[in-house]
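Heads up: the structure comes next, in C-alpha cells.
In my numbering, the protein residues as written are 2 to 349.
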C-alpha cells in the first residue's frame with residue numbers, strides 16, 4: 002500500500018472563494034495573529050502550522066498526524082474560526098476551501114509564483130509568503146514538512162520568473178495606482194499625497210507614485226513615531242492620525258493602508274472634503290482589508306474610490322499577453338510540486 006505521506010492540510014479563503022465584503026471579515030489583524038497560532042498549536046495540537054494573511058487571502062496550514070486526522074480537524078477548525086471572527090460556521094464553510102497532501106504543495110507553489118494572485122503574475126506575494134514563513138519559523142511553528150514545502154516554493158517562484166514570461170507585462174498595485182493617478186492629474190509633481198498607514202503595501206504604492214514625480218507627501222499612522230520614521234526616509238511630513246479628516250480636502254491622492262477592523266474614513270468626511278475642493282477630484286485608493294473607507298463613498302461626486310478588487314480588474318486587462326506563460330508555469334510547477342510531495346511521502 003502506498004505511503005499516504007504527512008497529514009499536511011490547508012484551510013483558506015481567497016478572492017477566488019469569497020467577495021471582498023467577506024474577506025475583510027475573515028482577515029487576521031496583527032493583534033489577532035497570536036490567537037490564531039495558539040488555536041493551531043495548543044488547542045488543535047498541531048506540531049507544525051503557518052498563517053498566511055494578505056490583502057486577498059487568509060490561509061491556515063497545518064500538519065496533522067495523518068490525512069485522516071487532518072480531515073477530522075477540518076470541522077473543528079471551521080468552528081473555532083467562526084467563534085474567533087463571530088461568524089456562523091456555515092458562512093465560514095461556504096467561503097473557504099480545504100486541501101490536503103500533494104494538492105497543498107501545488108497550491109503553495111502557485112501562490113508563491115503569483116499564479117493564484119488577484120493580479121496575475123504580481124511579485125509582491127512572494128515577499129508576503131516569505132514573511133509569513135519567517136514569522137512561523139521564529140515562532141517555532143514551522144518544522145521539517147513546512148520547511149521543505151515553503152523553501153522549495155521559493156525556488157519554484159524564482160524559476161518561473163527566470164524561465165518564463167509570467168512577469169512580462171505583469172503589474173503591481175503600485176503600477177495600476179500610477180496609471181490611474183496620471184490619467185486623472187497628469188504630472189504628479191504638483192499633486193499632494195496622503196498615506197495612511199506605514200505597512201509594506203502602502204509603502205510600495207507610495208514608492209511607485211514618487212517614482213513618477215509625487216513629492217508633496219504626508220504620512221499618518223496610528224503610532225506617530227512610525228509615521229515620523231517613514232517620513233524621514235521618504236522626505237515627507239509626518240502627522241497624527243487624528244488630523245486625517247482635516248487633511249482630506251488638502252490632498253489629491255489618498256492611500257489608505259491601515260490595519261483596522263472598522264473604516265477610518267467615512268462617507269461624511271469625504272463629502273465634506275469634496276465640498277471644499279471646488280470640483281477638483283479626490284483620488285482615494287483603499288489598499289486595506291478590512292477596508293479603511295466606507296464603500297458608499299463611491300457614490301459621491303468627484304470622489305474616485307478604488308479598492309483592491311477594482312485595481313485587480315484593471316491589472317488583469319492585459320492578461321492575454323501572459324496566458325501562454327501562465328500555462329507553462331502551471332504545468333511545470335505542478336510537476337515540481339509533485340516531486341516534492343513524493344519525496345515527503347517517501348520520507349514519512
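For every residue, glycine included, the Cβ atom is placed at its ideal position computed from N, Cα and C.
The C-beta distance from residue 195 to residue 222 rounds to 12 Å, too long to meet the 8 Å contact threshold. By the Cβ neighbour-count rule, residue 57 is buried, with 16 or more other Cβ atoms within 10 Å of its own.
Straight through space, the alpha carbons of residue 339 and residue 262 are spaced by roughly 39 Å. Take the alpha-carbon of residue 95 and the one of residue 279: they are about 46 Å apart. A distance below 9 Å separates the beta carbons of residue 78 and residue 61. Inter-residue distance for residue 299 and residue 158 is about 37 Å (C-alpha atoms, whole angstroms). Taking residue 286 as the centre and dropping the five residues before and after it, the same chain places the C-beta of 178, 256, 307 closer than 6 Å to its C-beta, in chain order. Between residue 212 and residue 173, the C-beta spacing is not below 9 Å. Residue range 174 to 186 is occupied by the alpha helix (DSSP H) that includes residue 177. A distance below 6 Å between beta-carbons, with the five flanking residues on each side excluded, links residue 310 to the following residues of its chain, in chain order: 21.
In the DSSP assignment, residue 13 is bridged to 60, 98. Taking a C-beta distance under 9 Å as the contact criterion, residue 128 and residue 201 qualify as a contact pair.
The beta carbon of residue 297 sits closer than 6 Å to those of 268, all from its chain and outside the five residues before and after it, given in chain order. Residue state for residue 240 is assigned as strand, using DSSP reduced to three classes.
Annotation: residue 11 to residue 294 spans about 31 Å, alpha carbon to alpha carbon.
In the structure shown, residue 88 falls within a coil segment according to DSSP collapsed to helix, strand and coil. If you look at residue 315, you'll find it isn't in any beta strand (DSSP E); it sits in the alpha helix (DSSP H) that goes 309 to 316.
Secondary structure note for residue 268: its alpha helix (DSSP H) is the uninterrupted segment 268 to 276. One Cα belongs to residue 315, the other to residue 184, and the distance between them is close to 13 Å. Within 10 angstroms of the beta-carbon of residue 328 lie fewer than 16 other beta-carbons, which makes it exposed. Judged by DSSP in its simplified three-state form, residue 285 adopts strand. About 6 Å separates the beta carbon of residue 25 from that of residue 292, a gap short enough to meet the 8 Å contact definition. For residue 49, the enclosing beta strand (DSSP E) has its first and last residue at 49 to 55.
About 14 Å separates the CB atoms of residue 216 and residue 252; that is not less than 8 Å, and the two are not in contact. Counting along the chain, the unbroken beta strand (DSSP E) around residue 196 starts and ends at 193 to 197.
The bridge partners DSSP lists for residue 222 are 241. At a Cβ-Cβ threshold of 9 Å, residue 258 and residue 175 do not count as neighbours. Burial state of residue 154 is buried, judged by a 10 Å Cβ sphere holding 16 or more other Cβ atoms. Between residue 119 and residue 326 the beta-carbon gap is near 18 Å, outside 8 Å, which marks them as no contact.
Separation of residue 250 and residue 283 (C-alpha to C-alpha, rounded to the nearest whole angstrom) is 8 Å. Out of 106, 254, 98, the CA that lies nearest to the CA of residue 187 is found in 254.
C-alpha of residue 260 to C-alpha of residue 289: approximately 7 Å in a straight line.
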